[in-house]
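Residue numbering for the sequence shown is -19 to -1, 1 to 617, as defined by mature numbering (1 follows the signal peptide of the UniProt record, and there is no 0).
This report concerns only the one structure given below.
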Amino acid sequence: MKKSLLFFAFLSPLYLAVAQEKQIALEAHSFSQIKITDSFWKPKLEKVAKSALPASVYQTEVKTGRIRNFEKASRKQGEAHEGIYYDDSDVYKALEAIAYSLQNIPDAALEQKADEWIAKIASAQEPDGYINTFYSLTGLDKRWKDMEKHEDYCAGHLMEAGVAYFQATGKRQLLDVAIKMANHIDTQFRQANKPWVSGHEEIELALVKLYKVTGEDRYLQLADWFLDQRGRGHGVGGIWDNPHWGPKYAQDDVPVKDQKEITGHAVRAMYLYTGAADVAAAKNDPGYMKAMKTVWEDVVYRNMYVTGGIGSSGSNEGFSVDYDLPNENAYSETCASVGMVFWNQRMNLLEGQSQYIDVLERSLYNAALDGLSLTGDRFFYGNPLASSGQHFRKEWFGTACCPSNIARLVASVGDYIYAKNENGIWVNLFIANQTEFDLSGEKVGVEMKTNFPWEGKVELEVNPTTTQRFSVSLRIPGWIQENPVPGKLYSFLQEEKTNFTLLVNGEKATFRQENGYAVLEREWKKGDRITYELPLEIRQLQSRPEVLANTDRIAIQRGPLVYCVEGADNQGKVLQLALSSSPNFTTKEYQILDEKVQAIQFQAWDGQSPKTVTAIPYYTWANRGQNEMMVWIPKK
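Written out as structure tokens, the structure reads:
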């Protein structure tokens, strides 16, 4: 059985009051207000637009029946449903990714295709607002009977897509479809006081987005209602009736505010806790925050891969027992890593603590980004940390959640760069961009320049319209300190703390450290320049001894990037390698397909003789065919 961390059982009322006060302190600075100029991320935005989304359109419209299902539901001629009962969600996620991409890279043809899909979706909606092609085509009398059948999950993705497309284009048709469905659900359940537990969470976070864009309080209340349904014995359907799954699989064994450990399906858990954080912020509810912090520690301290991936077990697509983190059999679903980005952003907005962005960055640059090929049109569903050559990227999947999920994350990566409030700007990720903030009614332009993650120099030019006092808080990454992951699940072999350099207009800056940030608070004038130098040292990591899969093994990290050794760079074989006692790590400019990277070379033993080995960033592996790979390297 998993052991719970009862750290928060004895928190004082004063702490809870402070936590409650902090829950509304920060908000995200939307990617729609940011122009990405980054040499690392801008090409990936382009690959999503030019490769991932066209592949998604082709698979959704031509190769599978997902769009045909909406056409059939509209005709109402008794035609058969194609595919799986949750396939509508993939259409909505693709539309959401398209919406984000249109804001980065306008594309008239892609927008026209999205409009065509939206018209077909709208025509398939039932008169009472219900929309789900599986039940429209197999019998509406069966709807809302089995809580596992993803009806509210599909509805949640509809809401997210409707909000995103409205914000990107100003067009309301999909948003209005989502509103009608949300009203139908609210009338059917909350207002009727009829219990319902979401078998696959997602609607909670989506309803908060709908609440924010419409200003309708009923959607926030409905999100809170969905959260409150859990852990009260209301579950009915496939999950709850199957002894192999049970309530824990869907995080339904105890009420959300009483949860202390991570259980069950990883993606469902991430969406649930993201929604709980959103509701906590909107309703200023410390009960959700207390529970989530305890669960967060259970995830990060005992159940997270060094890549930031979660969910080690393929049998339940989720969690097993503490410290069970196999490498070659790792599941680490792409969607779960996307969910880690969502959840940790919300936790940061609630508390203003940089440790959440440390985890977000780890998941983003490694386990999540690994889900997208360097060509943009091949995908990983699971993301193992070792391979004997059996793993390869695929064009598509029968359950196709991951391709559209990683596409929407990459397209909206600007969402995670900054946080803000009326008094200042928080710099969370180091991605070159141009943007503008509104601080207490005054405009402040900001331009960030950097070649991160290959180089550690970050420059920011601050341009307020008038001289203005506010703070700029720069995240001090965990990977330049003693412990790269809170709780020492992983630690550096060398425990020294490395130093960063912080200048303003070329002179040493005066700052204070607070919540993991270097805080510059001063009068800012147009043209002020911040220079932030972060050391990108090659570091060796070790696991806690409880992680048996990594006994006497090390992993290599530089900045936020975790590295691996792959056969394509090392004469086809790597599983027999062992790290030399004096590895002598060096960096080397390298190229994998069209991706320019910093590779790491070091000395190893292949069982017969010493040799020089090349390691590459983990996210780039499996782009040159099937071959061996490992992240955790044995020590000689």
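Just so you know, even glycine gets a beta-carbon here, dropped at the ideal spot from N, CA and C.
Span of the alpha helix (DSSP H) around residue i
i: residue 618; result: Here the chain covers residues -19 to 617 and nothing more, so residue 618 does not appear.
i: residue 90; result: 89 to 104
i: residue 256; result: 247 to 264
i: residue 273; result: 267 to 283
i: residue 319; result: 315 to 332
i: residue 640; result: With the chain running from -19 to 617 in the structure shown, residue 640 is simply not present.
Buried or exposed (CB count within 10 angstroms, at least 16 for buried), residue i
i: residue 591; result: exposed
i: residue 2; result: Low confidence applies here, because residue 2 scores a pLDDT of 38, under 50, leaving its location unreliable and the question unanswered by this model.
i: residue 275; result: buried
i: residue 434; result: buried
i: residue 384; result: buried
i: residue 569; result: exposed
i: residue 608; result: buried
i: residue 342; result: buried
i: residue 60; result: exposed
i: residue 10; result: buried
i: residue 339; result: buried
i: residue 225; result: exposed
i: residue 196; result: exposed
i: residue 123; result: exposed
Assigned secondary structure, residue i (DSSP; H/G/I helix, E/B strand, else coil)
i: residue 458; result: coil
i: residue 115; result: helix
i: residue 232; result: coil
i: residue 210; result: coil
i: residue 529; result: helix
i: residue 359; result: coil
i: residue 138; result: helix
i: residue 4; result: At residue 4 the pLDDT is 40, less than 50, meaning the model places this residue with poor confidence; the figure from the coordinates comes in the next sentence. Three-state result, residue 4: coil.
i: residue 591; result: strand
i: residue 442; result: strand
i: residue 222; result: helix
i: residue 384; result: helix
i: residue 374; result: coil
i: residue 149; result: helix
i: residue 600; result: helix
i: residue 305; result: coil
i: residue 509; result: strand
i: residue 490; result: coil
i: residue 79; result: helix
Cβ neighbours of residue i in the same chain (closer than 7 Å, five flanking residues each side left out)
i: residue 490; result: 483, 484 and 501
i: residue 210; result: 176, 177 and 178
i: residue 208; result: 185, 237, 256, 257 and 260
i: residue 604; result: 354, 355, 573 and 574
i: residue 370; result: 607, 608 and 609
Beta-carbon proximity list for residue i, same chain, < 6 Å, skipping 5 on both sides
i: residue 253; result: 182 and 232
i: residue 448; result: 504 and 506
i: residue 366; result: 308, 311 and 612
i: residue 132; result: 113
Sequence-distant residues of the same chain with beta carbon closer than 8 Å to residue i, five excluded per side
i: residue 5; result: Residue placement at residue 5 is poorly supported in this model, since its pLDDT is 42, which falls under 50; the coordinates still yield a value, given next. So the qualifying residues of the chain are 262 and 265.
i: residue 393; result: 12 and 81
i: residue 431; result: 19, 411, 412, 413, 438, 439 and 440
i: residue 468; result: 278, 281, 282 and 283
i: residue 457; result: 335, 481, 494, 497, 498 and 499
i: residue 566; result: 519, 537, 581, 582 and 583
i: residue 165; result: 109, 110 and 111
i: residue 615; result: 533, 534, 558, 559 and 560
Check whether residue i and residue j have beta carbons under 9 Å apart
i: residue 573; j: residue 355; result: yes
i: residue 297; j: residue 246; result: yes
i: residue 347; j: residue 288; result: yes
i: residue 518; j: residue 461; result: yes
i: residue 140; j: residue 159; result: yes
i: residue 22; j: residue 391; result: yes
i: residue 510; j: residue 450; result: no
i: residue 77; j: residue 145; result: yes
i: residue 594; j: residue 555; result: yes
i: residue 71; j: residue 382; result: yes
i: residue 525; j: residue 304; result: yes
Delimiting residues of the beta strand (DSSP E) encompassing residue i
i: residue 474; result: Counting along the chain, residue 474 falls outside any beta strand (DSSP E), and DSSP gives it neither H nor E.
i: residue 503; result: 498 to 505
i: residue 519; result: 519 to 524
i: residue 429; result: 423 to 431
i: residue 399; result: 399 to 402
i: residue 414; result: 414 to 420
i: residue 161; result: Note, residue 161: premise wrong, no beta strand (DSSP E); alpha helix (DSSP H) at 154 to 166.
i: residue 569; result: 567 to 573
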